[in-house]
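Protein chains in written order, with my numbering: chain G, 869 to 1074; chain B, 109 to 558. Let me begin by presenting the structure, written as structure tokens, before commenting on it.
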Amino acid sequence: MNIECAAGSPPIVAGTAARLKRSAADPKLARKMQSMNGVLALKSAADKQSVTVRFDRGNITLAPGVASDAGLVITLDMNDPDAKPKVQGALRHLPFALAASKVLEPPVKSWQEEAQAFWAFASNWPRMPRSIHIVSTDDGAELHLGDPASTDVELHGGAKQLRSVFNGDSILTEDWLSGKLHGVSSLEHASILTGRSIAWVMGEGR
Amino acid sequence: MSMTLDDSITTVRTEGVVPDGPLIGKYLSRDKFDRSLPIGPALADFAFAYDLAGTPQLGWWHDWRQPFLGDVHQRPDLDTLIQIRPGVAACLVDFVDVEGTPLPVCPRSVLKAVVERLAANGYTAKAAFEIEGMAFTESYTDAKSKGFKDLTPLGVPQPLAYLTHDSYRMRPLLEEVATRLDAMGIGWEAWSAEAAPGQFEINLPASDPVSAADTAARVRNVCREVAVDLGLSVTFMAKPTDSYGSGMHIHHSLLKDGVPAFYDASSPDRRSTLLRHWIGGLMATMPAAHSFLTPTINSYRRMVGFAAAPLVVSWGEDNKSTALRIISRSEKLARVEHRVGAADVNPYLGLAAILAGGIVGIEQAIEPPEEFRALAWGLPPRFPHLPTTITAAADALEVDKAFADAIGSVMAEHWMHTRRWEWLMFHTTGGDAEASTVTDWELERYFELI
């Protein structure tokens, strides 16, 4: 499996590549990706971002923009992950569209597993907090990552939102500033966590 | 430019330039201003951590920031006190922390530190700015309501620069600017209409680097204020329209013990060894310095061949197509005109970047590449082209450790992050990456604030 985009690609390109890499880590989806052949484009309904993804039986390349030969064009509301995407070309390219819908939605793990993966990626970065204490407001489940003797940062949120942040679907501070998550942190730690969260979304460490 | 506050002054405005370029400050009662000395009035340290859209810049950290929201101070430089209106004075400031230590990301302090390093090498510098901008007949309010698009240029669009009758049409704005500058005691040398519709240039006199940047910052602000008063609008964006872009050429020379140091009458080319090394440093560090000299997404739209903006790392004697125009024909005129800067450059950081590059050259005795003796536009790829995107320039800045050391490593790192942030915001908050001309996003973000 080869998933490639140019260095310095725009966020939607790098982020989509990261999602595909997450899917490729799943054996079943990886097999599906090996068999896919076609071109799709993702467009943001909220702004001008777009990416074209070319599937060529395991060689997957991504580039900015909507290519004229994209058989499938999917328009997404980037600000609302629950919004239903608009899809053009699905009827004409039904098997490809069905496969694409699967590989563009990487399998999700528990928020605890996703948080541990994020921590493994980010914890050694300079100025990172020594520890994060995470609380699910759904069921009170807790997870303490890092130095057990300290709690530099606390995060509270529903399991779905925690999973979204830690699996790289959303950016930690955006969710904090918008009230989707609550937290206790210094500005320094919030800033550094944001940097790592952006890098995670953009595929660093994948 | 200095004055003593007399009894008629009731208000003092503090003025300090933040990294992105806006001049910020407070209007203080005379009593409050006096009591605030020496450290000056406080403002939230987020003034240094918001982008031009008011979004907090997050993702990195330096020790000058407080771990929670805190204050920084605007320490007045009393040598810069001027009267700007009856009863109102203005004073430029350095941004300092609560203990009075200059912030390592304060543009004016960064330039001062670079000047000190130059002095440690035995030299002083003189610098002069050429300011370009564009003026429109719409007020800022009306311009904003039109999305800063399809505005009416002040004057009548002409295909030529310097037309005196077109300059005459721009007189309401620019004569008033000149009148106010005279009244404030701020020097200026010349102004004229330029080639793009509504475009003008103001030439400022040479002085020590900090004073030169002070003057550039103030003159741009006076232009904006006159525009406000006259119901016009002015922008210092590098490319606000599809016509020629606007630049900020920065002339500079070095002196040793007060004597011009770039000129050597005994040399066949009349260039001193110092100038050779200075050029060598400017050339070696130009990709990194480019990040400071073309600071915004919009800056890069100005980089068009055969339209005045340099595109390649190059230098030449009296060559206005190269990045560095060297003038060596007499001791009196000997100088470097650095032509890379876009109009939206922060004058303090732009000049600091140039001087830092030159310092690297003299400290490492860098020999320059061969002089470029041709038109430096439309060249094939084998020539070393300047970075063409804000992220490519940030990447060049990240790897040039000698340059970063000369301009200040904290400033260099902070700037690199802010430029990548600017790129991220462009892509994720409505910028059109496919657009070949100025976008709505750029106009909204930069037109009034840059």
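Beta carbons: idealized from backbone N, C-alpha and C, even for Gly.
Going by beta carbons, residue 460(B) and residue 222(B) fall inside the 7 Å limit. Rounded to the nearest angstrom, the gap between the Cα atoms of residue 131(B) and residue 921(G) is 44 Å. Taking CB atoms only, residue 1055(G) has a neighbour in chain B less than 7 Å away. Residue environment for residue 523(B): buried (at least 16 other C-beta atoms within 10 angstroms of its C-beta).
Where residue 509(B) is concerned, the enclosing alpha helix (DSSP H) starts and stops at 509-515. If you draw a straight line from the Cα of residue 938(G) to the Cα of residue 475(B), it comes to about 52 Å. Against chain B, a Cβ distance below 9 Å from residue 1060(G) picks out 166, 167, 168, 169. Burial state of residue 321(B) is buried, judged by a 10 Å Cβ sphere holding 16 or more other Cβ atoms. Under a criterion of Cβ atoms nearer than 8 Å, the residues of chain G adjacent to residue 540(B) are, in order, 916. The Cβ of residue 1008(G) sits no closer than 7 Å to any Cβ of chain B.
Taken in chain order, the members of the segment 171-184 of chain B whose beta-carbon sits within less than 8 Å of a beta-carbon on chain G are 173, 174, 175, 176, 177.
Annotation: the continuous alpha helix (DSSP H) that includes residue 898(G) extends over 895-903.
Shown here, residue 193(B) sits in a strand according to DSSP, grouped into three states.
Residue 199(B) carries a strand assignment under DSSP once its states are collapsed to helix, strand and coil. Residue-level contact check: residue 879(G) touches chain B, since one or more beta carbons of chain B fall below 7 Å from its beta carbon. In the three-state reduction of the DSSP assignment, residue 356(B) falls in the coil class.
In the DSSP assignment, the residues bridged to residue 1051(G) are 1023(G). With respect to the C-alpha of residue 269(B), the residue from 312(B), 210(B), 306(B) having the closest C-alpha is 306(B). Here residue 172(B) has 211, 212 as same chain residues with Cβ atoms under 6 Å from its own Cβ, once five neighbours each way along the sequence are excluded.
By the Cβ rule, the segment 408-417 of chain B does not count as touching the segment 462-479 of chain B, because fewer than three pairs are nearer than 8 Å. The secondary-structure analysis by DSSP pairs residue 364(B) across a beta bridge with 367(B). In the DSSP assignment, residue 237(B) falls within the beta strand (DSSP E) that extends over 232-244.
For residue 499(B), the nearest CB of chain G lies under 7 Å from its own CB, placing it at the interface with that chain. Looking at the DSSP output, residue 443(B) shares a beta bridge with 435(B). The alpha carbon of residue 430(B) has as its nearest neighbour, out of 437(B), 350(B), 445(B), the alpha carbon of 445(B). In summary, the residues of the segment 1032-1053 of chain G whose CB is separated from some CB of chain B by less than 7 Å are 1041, in the order they occur in the chain. Within the same chain, Cβ atoms closer than 6 Å to the Cβ of residue 129(B) are found at 454, 558, the five residues on either side in sequence being excluded. Excluding five sequence positions before and after residue 479(B), the CB atoms of its chain that fall closer than 6 Å to its own CB belong to 424, given in chain order. Excluding its 5 nearest sequence neighbours in each direction, residue 917(G) has C-beta neighbours in its own chain below 8 Å: 878, 879, 880, 911, 946, listed in chain order. Exposure of residue 438(B) is indicated by the presence of fewer than 16 other C-beta atoms within 10 angstroms of its C-beta.
Inter-residue distance for residue 113(B) and residue 197(B) is about 8 Å (C-alpha atoms, whole angstroms). Taking every protein chain shown into account, the CB of residue 525(B) has 16 or more other CB atoms within 10 angstroms, so this residue is buried. Judged by their CB atoms, residue 169(B) and residue 1056(G) are nearer to each other than the 7 Å cut-off.
Proximity to residue 157(B) across 214(B), 355(B), 137(B) peaks at 214(B), based on C-alpha coordinates. Taken through DSSP and simplified to helix, strand or coil, residue 331(B) comes out as helix. The segment 379-399 of chain B makes contact with the segment 505-515 of chain B, as at least three CB pairs between them are under 8 Å.
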